[in-house]
Each structure stands twice: as structure tokens, then as C-alpha cells.
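Residue numbers (our numbering): 1 to 117.
Every residue gets a Cβ at the ideal spot worked out from N, C-alpha and C, and that includes glycine.
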Ligand code: AMP
Ligand code: ZN
């Protein structure tokens, strides 16, 4: 579902659907994943609708940088920076993307395996 009008994360951004919000500024929202895969599992999203990494334009470089820096800042605030954390963008079917509004997964609080299955 790529339509902005039907976008779950746009609805969270507009407060039409509740979420456990952990950070917000003019351009970025972060909230806890509803189905956490680690003790810390948040999603960091741009407030502007971008369906997937395949849709990024050069003028989006700034917001992508903000998402990554925000993930690192939240990890630091949660005290998991030193032990380590994982950040993931899933893109399209084979990567398991289910919500087509880009989101950076921030996972931490437990040891992770590599490669991911
Ligand atoms: P992805 O599979 O990479 O597209 O990730 C989508 C993520 O969104 C999954 O980890 C879901 O658990 C999460 N998710 C789906 N609906 C919600 C919701 N209403 N609030 C918070 N997280 C959600
Ligand atoms: Zn959206």
C-alpha cells in the first residue's frame, strides 16, 4: 500500500492512530514497535511520506541523515550505545517490508546474530 492517504505511519504522525511515541521534532517521529523483536525496538520515521528507499531523491539526503543520527541519539539515551544496537531499513518484499513509509528500525538490549535470516 503505497498511497499516502492509506499510510499507517502517516496516520500515526497525524495522531489518527495511537502509538507509543518516544521522540518528535518538526521532521522526525520515533515510536515503539508494536511487535518488538528486542528489549528496545523503535521505529524512526520521517514526517514526510517516502514509500521506500527506492523512492529516495537527492533532496532526501538530509532527512535520511537525521533518521540515522536520531537512532544513535536514542540508543545513547537508552544506554545501549556501548553494548551495541542494530539499525535496519527493510525494502520491498524479499526484505520483509510491510509498511511503505520508510522507517529505520532501532533494535537493542540483547545480542544480535549475523547474518540475519
Ligand atoms: P517492516 O516490516 O520493516 O515494514 O516494519 C514494519 C514494522 O511496523 C513492524 O516491525 C511492525 O511490528 C510495526 N508496526 C506495524 N503496525 C504498527 C503500529 N500500529 N505501531 C507501531 N509499530 C507498528
Ligand atoms: Zn506515510
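- The three-state secondary structure of residue 105, taken from DSSP, is strand.
- Counting only beta-carbon distances shorter than 6 Å to the non-hydrogen atoms of the ligand ZN, the qualifying residues in chain order are 4, 7, 9, 10, 49 and 101.
- Residue 49 sits in coil when the DSSP states are folded into three classes, being neither helix nor strand.
- When the beta-carbon positions are compared, residue 67 and residue 85 stay at least 8 Å from each other.
- For residue 86, the enclosing beta strand (DSSP E) covers residues 85-88.
- Collapsing the DSSP output to three states places residue 92 in a helix.
- The shortest CA-to-CA distance from residue 39 to any of 53, 98, 18 and 79 is the one to 79.
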